[in-house]
Amino acid sequence: MAPNQRQRQLFCSKKDLRKINGRRFSKLEESDIGLIYPGVDTAFKLILSARFCSAIWSHITDCDETYNYWEPSHYLLYGIGQQTWEYSPEYALRSYTYLLMHMVPAKLYHYLLEPNPVLIFYFIRCLLSVGCALSEVYFYKNVCREFGVHIARLTLVFLILSSGMYISSSAFLPSSFSMYLSTVAIAAWYGRQYEFAIFATAISSLLGWPFTSLLGLPIAIEMLFHRQEWSKFIKWVIISAFVILAPMIWIDSIYYGRFVLAPLNIIMYNVFTTHGPDIYGTEPFSYYIANGFLNFNFIFIGALIAPFGLFLVWLVIPAKPRERLCLPYWYSLAPLYLWFIVFFLQSHKEERFLFPVYPMICLTGAISVDVLQKLYFFIRTKFCPLYIGCHYSQYTAHIMTVAIIVCGFFGLSRTFALYKGYYAPMEIMIETNKLGSEGGISSDGNINFCVGKEWHRFPGSFFLPSNNWKLQYLKSEFKGELPQPYSNHENATSIIQPHFNDLNKEEPSRYIPVEKCHFLLDLDIGIDTDLEPNYSKMSDQFIVLKSSKFLDASKSHSFFRAFYIPFVSYKYCTYGSYNLLQSSKLISTSSLLR
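Per full-length UniProt numbering, the sequence shown starts with residue 1, numbered consecutively.
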């Protein structure tokens, strides 16, 4: 399982090899001919292709992405957007520095070409995809070094085909950003580039999500207690803090109008307040098990049992000691299981909380396949001693092939299920954006674009045709706190607006009467309540402009709604209509059309 010297030579420079074994680079031996693996450039092209698919066809899976990142970004670009309580200077939990990293290239794109805001939305997503692909290919290269080509190529396949990476790679979330940088940090650790590992961990923790500093703990422990490199560690911690924190504090303090250290504020809120994140809901221990299987299928199961498999291999299969240049398995995989222990035990669980370790899930899943191959070969040699002395991978390739086919099938099946079942809000909002240029809608006066129960699926103001389209909320069964528009004041980010709280209490000031809505986004699944009537059926008030199919999970088979099977799933799934409605009462055709 550990890489042999020839495999390691494939990903080490000649200079590195002289340091390792004091001899020049040697050619591959005959036993390595036929060892099929993608080079770094090929791996990058494969990963990037998959990530661009995510950027274009993935829907927004978490309303936190819309309201905490896309909306304030829209404000930074266009001066209009929704503000959540986390961005109120009274609380200041979010960093504008993180937003500006993405908005600076977006602003340049906007300045040079003046594109439609929807194009800026997808431009940012593509930038995120490139960043993710770069981190993954660096991870792949160093997994080759640490674990060998066989495990690395399995890891690569799982990265490309898993639904979890499809969801997380282009998400505009600190947890996704931290996934990129934590992956880089762990890869640098595998490559013994400790300075880079510290710096990447610092960026991940300070600019992204502060809790990902947990993933850097094994790196710090190895440097301090095993390698005794205290001076190097302290030096790079200071350098990282100065390079990252100094501009971050300066920028955030300007935007908030007071001294702000956003990472500290979010830690204080989540850890040291009496209410904390649990007010947003709690989930049982099984939540991450079910979610992990949906996103990674059997890869996730393999990740959970990998430590037991490695222990079994160590117990029953005689093997040479792992090379001194490699970390012990239990320690090289420690960041993943440390993360699992901490977050599985938290009451408040979110899918995005596991994003930072998604690439490591693919790695440990690949290790489990390798373990299965070793155990199978060990048992086979007991019955057929003829194979003793042969390399296990030569006679267990069918196991690897089956693992790739099965895991790849379920990964793609889940990805297609997400697209076919839940892409409708993106599709409808793209059509909504066209109303500005193709629908003959007047640009004079404000147009109220309303959301009721579908507020959490609204993908952001980038999809509205122009700045005179205003997002408005209708009262629904949701009893939590909704965002409100940024102030029209020049220094809106530093103004403490009324009607914000950190207890997720409902703010009635957010709502407008349905009679004031010009357009309305609504889902029709044949169910209505007093607060959530079926607006699509109110033909006297609204007409349906656009419609798209949306999965009705409550009326669909649990397996076939989770995994798409061509020519079969449609028999077991029920779809509602995701509709864009236009008011027929207040806005007549003559007032809307030029």
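Using N, Cα and C, we set each Cβ at its ideal position, and we do this for glycine too. Please read all numbers here as calculations on a predicted model, not as lab measurements.
Simplified DSSP assignment, three categories, for residue i
i	result
Gly191	coil
Asn534	coil
Pro335	helix
Lys470	strand
Cys362	helix
Gln497	coil
Asp524	strand
Pro307	helix
Ile512	coil
Gln373	helix
Tyr575	strand
Lys505	coil
Gln83	strand
Lys549	strand
Ser583	strand
Pro465	coil
Cys384	coil
Ile405	helix
Pro247	helix
Phe519	strand
Alpha carbon of residue i to alpha carbon of residue j, nearest angstrom
i	j	result
Ser569	Arg414	12 Å
Thr282	Ser347	5 Å
Leu17	Arg145	Residue placement at Leu17 is flagged as unreliable, the pLDDT there being 43, under the threshold of 50; a coordinate-derived value is accordingly withheld.
Ser487	Ile254	17 Å
Thr61	Ile167	8 Å
Ala171	Met165	10 Å
Met1	Asp370	With a pLDDT of only 46 at Met1, under 50, the local geometry of the prediction cannot be trusted, and the value read off the model is given with reservation. If you take the alpha carbons of Met1 and Asp370, they lie about 7 Å apart.
Leu372	Cys326	21 Å
Ala246	Ser205	14 Å
Phe233	Ala220	8 Å
Contact under 7 Å by Cβ, residue i with residue j
i	j	result
Ala334	Pro218	yes
Gly445	Pro465	no
Leu159	Glu195	no
Asn265	Ala492	no
Ala202	Ile251	no
Glu351	Lys453	no
Ser54	Met103	no
Asn448	Cys517	yes
Trp85	Phe500	yes
His150	Ser393	yes
Ile496	Pro105	no
Pro483	Gln228	no
Ala133	Ile47	yes
Phe123	Tyr111	no
CB-CB length for residue i against residue j, believed under 8 Å
i	j	result
Tyr358	Met179	6 Å
Thr364	Ala303	4 Å
Leu578	Leu523	Correcting the residue identity first, residue 578 is Tyr in this sequence and not Leu. The pair is a contact, with the Cβ atoms about 5 Å apart (cut-off 8 Å).
Tyr269	Asn504	12 Å between Cβ atoms; not a contact.
Ala562	Leu294	6 Å
Phe300	Gly309	That pair is no contact at about 14 Å.
Proximal residues to residue i (C-beta, below 6 Å), its chain only, five neighbours per side dropped
i	result
Trp209	Pro174, Ser175, Ser178
Cys63	His456
Phe139	Thr183, Ala187, Pro359
Ile20	Caution is warranted here: a pLDDT of 43 is assigned to Ile20, below 50, making its placement in the model unreliable, and the coordinate value is therefore given only provisionally. Answer for Ile20: no residue qualifies.
Other residues of its chain near residue i: CB distance less than 7 Å, five sequence neighbours each side excluded
i	result
Val342	Leu214
Gln541	Ser583, Ser584, Lys585
Glu477	Lys453, Thr529, Leu531, Glu532
Leu412	Leu161
Beta-carbon proximity list for residue i, same chain, < 8 Å, skipping 5 on both sides
i	result
Ser556	Tyr572, Cys573, Thr574
Leu338	Leu214, Leu215, Leu217, Pro218
CB contact below 7 Å: residue i versus chain D
i	result
Cys53	In the structure shown, chain D does not exist; there is a single protein chain.
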